[in-house]
């Protein structure tokens, strides 16, 4: 079996799948008696990654496996293929999601203590419905509040292999247009932004931001968005 054939099969599968495929599933594409070794599969994936360098698509390795995606820097242009209203995530949703990602497991009360405003129930419900967040346990305190954490789908959606790949705040500041910091323990911060959220409700009025969430969360979910958040707590 030639290297080019292995590479072509993998490329076709990743384009057809519409979701990340793990290495084991890529191996099952081939007949058992002719199945390439993991080393051959990795070599084919590396060849594809190099082939896509400088092009409009890229090979991405996330928590669930490998996928072929449009490069994020071209998202604005490609989004014009879908003229309907772009998905816009409110600042409140992104702040809440960033806090969960960096400080998990975390309760709603702890999120509210940091943000200084009550968490809109629609925010958590929507993140759970999109499989970005799940209940991972309960805090051992009166009332046993739910502990929230991120999912593998969250990592896949934002193009991450693990939580260790969440960007530190210093990198975000270098990108510019970082306007919001949430004070956490020991001076840490959490920042949430997205390219599509550039026109979302301003954060200088948290109550208005929360009120706008019902409209923001009713938008579709097929767009490609990018989470920008600050350093994860050392214990998370």
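Residue numbers (the numbering used here): 56 to 291. Just so you know, even glycine gets a beta-carbon here, dropped at the ideal spot from N, CA and C.
Following the DSSP letters along the chain, one finds residue 122 inside the beta strand (DSSP E) bounded by residues 120 to 125. Secondary structure remark: continuous beta strand (DSSP E) runs of at least 3 residues inside the stretch 98 to 165, in chain order: 112 to 117, 120 to 125. Closest in C-alpha terms to residue 185, from the list 158, 115, 89, 148, comes 148.
Distance from the CA atom of residue 176 to the CA atom of residue 70, rounded to whole angstroms, is 37 angstroms.
Beta-bridge analysis with DSSP links residue 201 to 193. Taking the CA atoms as reference points, residue 121 sits about 18 angstroms from residue 60. With contacts defined by Cβ atoms closer than 8 angstroms, residue 221 and residue 155 do not form a contacting pair. Secondary structure note for residue 211: its alpha helix (DSSP H) is the uninterrupted segment 207 to 212. In this structure, the beta-carbon distance from residue 90 to residue 82 falls below 8 angstroms. Closest option to residue 193, judged by alpha-carbon separation, among 135, 113, 213, 163: 163.
With respect to the 8 angstroms criterion, residue 135 and residue 111 are not classified as neighbours on the basis of their beta carbons. In the three-state reduction of the DSSP assignment, residue 188 falls in the strand class, which pools E and B. The DSSP-derived three-state label of residue 218 is helix.
Residue environment for residue 223: exposed (fewer than 16 other C-beta atoms within 10 angstroms of its C-beta). Residue 84 sits in coil when the DSSP states are folded into three classes, being neither helix nor strand. With 16 or more neighbouring CB atoms inside 10 Å of its own CB, residue 187 falls in the buried class.
Boundaries of the alpha helix (DSSP H) around residue 59: 58 to 72.
Under DSSP, residue 76 takes part in a beta bridge, and its partners are 121.
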